[in-house]
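Engineer: Using this note's numbering, the first residue of the sequence shown is number 51, and each one after it goes up by one.
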Amino acid sequence: MKFQEIKNNVFYCGLNDSERKYFDELIPLENGTSYNSYFIKGSEKNALIDTTYPPKVKEYLNNLDKNNITKIDYIIANHGEQDHTGALPELIKKYPNAKIITNNICKNNIKEMLHIPENRIETIKNGDELSLGDKTLKFMLTPGVHWPDTMFSYLVEDNMLFTCDFLGAHYTFDNVFAKEDKKLEHCAKRYYAEIMMPFRTFCKKYVQLIKDLNPQMVLPSHGPIYKNPSFILNLYEDWSSDKGKNLVLIPYVSMYGSTLEMVNYISKKLNENNIHTQKFDIVNGDLGELATGLVDATTIILGSSMVLAGPHPMAMNAAYLVGVLCPKAKYTTFVGSYGWGGKLIEKLSEPFANLKLEVIEPVLVKGKPKQEDFDKLDELISKIIQKHKEEGF
Ligand code: FEO
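#1: Could you give the residue range of the beta strand (DSSP E) that holds Asn20?
#2: The ligand FEO and His196: does any heavy atom of the ligand fall closer than 7 angstroms to the residue's C-beta?
#3: Could you pull the DSSP bridge partners for Cys214 from this structure?
#4: Does the beta carbon of Ser87 fall short of 7 angstroms from some heavy atom of the ligand FEO?
#5: Under a three-way DSSP split, which group does Leu394 fall into?
#6: Below 7 angstroms, is the gap between the Cβ of Asp133 and the nearest heavy atom of the ligand FEO?
#7: Quick check: does the Cβ of Ser203 come within less than 7 angstroms of any heavy atom belonging to the ligand FEO?
#8: Between which two residues does the alpha helix (DSSP H) holding Ser308 run?
#9: With respect to the beta strand (DSSP E) encompassing Lys439, which residues constitute its N-terminal and C-terminal limits?
#10: For Asp288, is the beta carbon positioned less than 7 angstroms from some heavy atom of the ligand FEO?
#11: Straight-line CA distance for Thr173 to Phe281?
#12: Could you check the C-alpha separation between Tyr449 and Met210 for me, to the nearest Å?
#13: Quick check on His165: buried or exposed, where buried means 16 or more other Cβ atoms within 10 Å of its Cβ?
#14: Rounded to the nearest angstrom, what separates Lys393 and Ser354 at their Cα positions?
#15: Per DSSP, what kind of secondary structure is Pro279 in: helix, strand or coil?
#16: Using the C-alpha atoms, what's the distance from Met356 back to His447?
#17: In terms of residues, what are the limits of the alpha helix (DSSP H) holding Glu55?
#18: Over what stretch of residues does the beta strand (DSSP E) that includes Lys329 continue unbroken?
#19: If we call anything under 8 angstroms between Cβ atoms a contact, is Leu297 one with Thr348?
#20: Is His272 near the ligand FEO, judged by its Cβ being under 7 angstroms from some heavy atom?
#21: Just checking His220 against the ligand FEO - is the residue's beta carbon closer than 7 angstroms to any of the ligand's heavy atoms?
#22: Look up Phe402 in the DSSP assignment and say whether it is helix, strand or coil.
#23: Quick check on this structure: which residue in Ile245, Asn128, Pro104, Ile351 has the alpha carbon closest to the alpha carbon of Pro139?
#24: Taking Tyr110 and Thr101 to be in contact with their CB atoms under 8 angstroms, please state how far apart those CB atoms are, rounded to whole angstroms.
#25: Would you kindly work out how many angstroms separate the C-alpha atoms of Asn303 and Ile150, rounded to a whole number?
#26: Pop quiz: Asp199 and Asn153 are said to be a contact at Cβ under 8 angstroms. What is the actual Cβ separation, rounded to whole angstroms?
#27: Identify, in the order they occur along the chain, each residue of the same chain with its Cβ nearer than 6 angstroms to the Cβ of Ile122, setting aside the five sequence neighbours on each side.
#28: Beta carbon of Tyr242, beta carbon of Tyr276: below 8 angstroms?
#29: First and last residue of the beta strand (DSSP E) that includes Thr135?
#30: Distance check for Lys52 and Leu263, CA to CA, integer angstroms please.
#31: Identify which residue in Glu408, Met366, Ala359 has its Cα closest to the Cα of Gly380.
#32: Shorter than 7 angstroms, the distance from the beta carbon of Asp74 to the closest heavy atom of the ligand ATP, or not?
#33: Tell me the DSSP secondary structure of Leu79 in three-state form.
#34: Could you give the C-beta distance for Lys239 and Trp289, rounded to a whole number, given that I count them as a contact under 8 angstroms?
#35: In whole angstroms, what is the alpha-carbon distance linking Lys233 and Asn169?
#36: Verify whether the separation of the beta carbon atoms of Pro401 and Tyr370 is less than 8 angstroms.
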């Protein structure tokens with residue numbers, strides 16, 4: 051728990067969460083996460099920006115007490131999800147004169163999800179300003195990163211931009227300022243993959259908006275504060291670009307080793323042709339690594355054994371995740387092995403339908419692959435090599 055002045059009466063009042071194991075009960079939190087909140091002391095009015103996650107409310111409120119925060123006039127809700135609005139019900143009791151400031155979509159969300167009374171909320175529109183006396187907050191509606199209700203708050207005089215989830219990272223820290231290293235890049239990329247990748251087009255738009263604004267500091271509501279915003283903006287520019295890398299991602303489930311034999315064969319041959327591969331063991335792997343691989347992959351090969359008359363359920367789970375994360379990949383195919391038959395390829399490809407990927411002819415074998423199966427795999431590999439050459443790799 052921290053209370054630290056960032057700059058000119060702007061304070062960090064968020065907290066680390068090292069105990070939480072998963073975010074969204076989906077992606078393992080290798081390095082925990084933080085719920086950032088900021089207190090701005092103006093010459094006339096005080097404001098809080100974002101709050102905390104429900105299980106952390108008591109700790110959060112104690113921190114405000116410990117630091118003598120007795121007057122809060124405005125609570126800015128940049129986004130309605132409860133990891134940032136969890137303390138609102140308690141805050142409006144503790145500070146009876148405080149108004150929640152947010153946009154109309156977020157207002158409806160917090161009214162319905164947290165039962166916040168309407169008379170405690172004031173709505174703003176894009177470009178509206180709120181005076182704190184010697185400081186001014188300006189609001190920028192940024193729907194799509196990652197909910198329809200998301201917005202940024204810009205502290206005009208100090209040139210500080212509060213971006214809530216956008217440009218965040220699941221990362222805990224002692225120093226609130228970003229250490230621009232590979233560990234932070236890794237955490238920010240895992241976060242982008244799960245939270246922001248489905249909204250790649252919006253990411254590009256808002257990265258440009260921030261570059262044009264040129265803030266001196268970017269202050270997200272997860273992960274560290276960027277004194278050098280170009281570090282994270284350049285990464286987002288790369289991750290959200292339309293161009294993938296010379297990478298084939300191969301998530302697989304193999305019950306008796308036959309599918310794995312095919313996966314290993316494909317991977318080795320592609321590597322021999324200077325194409326990078328990332329194999330991913332769906333059953334034993336960390337879904338964060340699968341999601342991160344999707345950020346860069348140009349081709350996705352999904353491998354599965356057959357269970358009863360369809361794909362292994364864990365492979366279907368991975369296929370669903372790929373489908374909803376909307377990666378930039380252009381090509382896909384499927385490989386698998388069966389005992390007595392069923393609809394493996396048809397079922398596996400269903401969650402991919404919305405991605406509109408070019409499908410390279412899949413290879414399905416009975417039991418262990420035979421020479422004729424390896425011949426088919428060679429055709430599949432040749433097509434991938436050709437496609438990657440066409441991509442300019
Ligand atoms: Fe960190 Fe969308 O909440």
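For each residue, glycine too, the CB sits at the ideal point set by N, CA and C.
Structural biologist: By the coordinates alone:
#1: This structure gives no information on residue 20, because the portion of the chain shown stretches from 51 to 443.
#2: yes
#3: Pro270
#4: no
#5: helix
#6: yes
#7: no
#8: 308-322
#9: No beta strand (DSSP E) contains Lys439, which is instead part of the alpha helix (DSSP H) from 421-440.
#10: no
#11: 33 angstroms
#12: There is simply no residue 449 to check, as the chain begins at 51 and stops at 443 in what is shown.
#13: exposed
#14: 12 angstroms
#15: coil
#16: Shown here, the chain extends from 51 to 443; a query on residue 447 therefore has no answer.
#17: No alpha helix (DSSP H) holds Glu55; the beta strand (DSSP E) holding it covers 54-57.
#18: 326-331
#19: yes
#20: yes
#21: no
#22: helix
#23: Pro104
#24: 7 angstroms
#25: As written in the sequence, residue 303 is Val, which differs from the Asn given in the question. Taking the straight line from one Cα to the other gives about 48 angstroms.
#26: 6 angstroms
#27: Asn96, Leu98, Tyr145, Ala148
#28: no
#29: Per DSSP, Thr135 belongs to no beta strand (DSSP E); it is in the alpha helix (DSSP H), 132-135.
#30: 29 angstroms
#31: It is Lys, not Gly, that sits at residue 380 in the sequence shown. Here the closest residue by C-alpha is Glu408.
#32: No copy of the ligand ATP appears in this structure; the ligands present are the ligand FEO.
#33: coil
#34: 7 angstroms
#35: 44 angstroms
#36: yes
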